[in-house]
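Participant:
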Amino acid sequence: MKHKNICYDSHYKYKLNMLEPGLIMMKIIGALFVFGIIFWVAKWHWLSIIFWFLSGIMFAVLLILVAIEAHQDNVLNDIAMRENNELEKKYETR
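See below:
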């Protein structure tokens with residue numbers, strides 16, 4: 001497998017960072033889920049199902065975004081390791 005000379009800084013135009021947005025999304029998911037439970041106890045089953053459905057959709061979106069971020073991290077880590085190995089080889093030959 002031949003790798004192109006890919007630079008770490010220019011590989012991804014937009015790098016996802018899901019720490020803060022992920023925490024906010026988890027709070028929203030939790031609130032939607034709790035409201036779903038409250039509406040279920042209040043016998044408003046349709047509204048409860050809607051809230052649970054919304055929390056499920058938001059959780060699925062969060063998982064997709066985290067998977068994308070993990071892929072980006074793996075690719076960028078691989079590029080950084082290759083660059084580091086190239087620098088080590090360069091300085092060993094001197």
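Under the UniProt record's numbering, think of the first position of the sequence shown as 1, with each following residue one higher. From the three backbone atoms N, C-alpha and C, an ideal C-beta is built for every residue, glycine too.
1) Sorted by chain position, which residues of the same chain lie with C-beta nearer than 7 Å to Phe51's C-beta, five sequence neighbours on each side aside?
2) Tell me the DSSP secondary structure of Lys43 in three-state form.
3) So, at 8 Å on beta carbons, what are the nonlocal neighbours of Phe53 in its own chain, with the 5 sequence-adjacent residues on each side left out?
4) Leaving out the 5 sequence neighbours to the left and right, which residues in its chain are closer than 6 Å to Lys2 when beta-carbon positions are compared?
5) Look up Asn17 in the DSSP assignment and say whether it is helix, strand or coil.
6) Answer yes or no: do Val66 and Gly30 have a C-beta to C-beta separation smaller than 8 Å?
Facilitator: Put simply:
1) The residues Leu32, Phe35, Gly36 and Phe39, in chain order, have a CB closer than 7 Å to that of Phe51 in the same chain once the five nearest residues on each side in sequence are set aside.
2) Lys43 falls in the coil class under three-state DSSP.
3) The beta carbon of Phe53 sits closer than 8 Å to none of the beta carbons in its chain outside the five residues before and after it.
4) At Lys2, the pLDDT of 49 sits below 50, so the modelled position is not reliable and the matter cannot be decided from this model.
5) Asn17 falls in the coil class under three-state DSSP.
6) For the pair Val66 and Gly30, the CB atoms are not nearer than the 8 Å cut-off.
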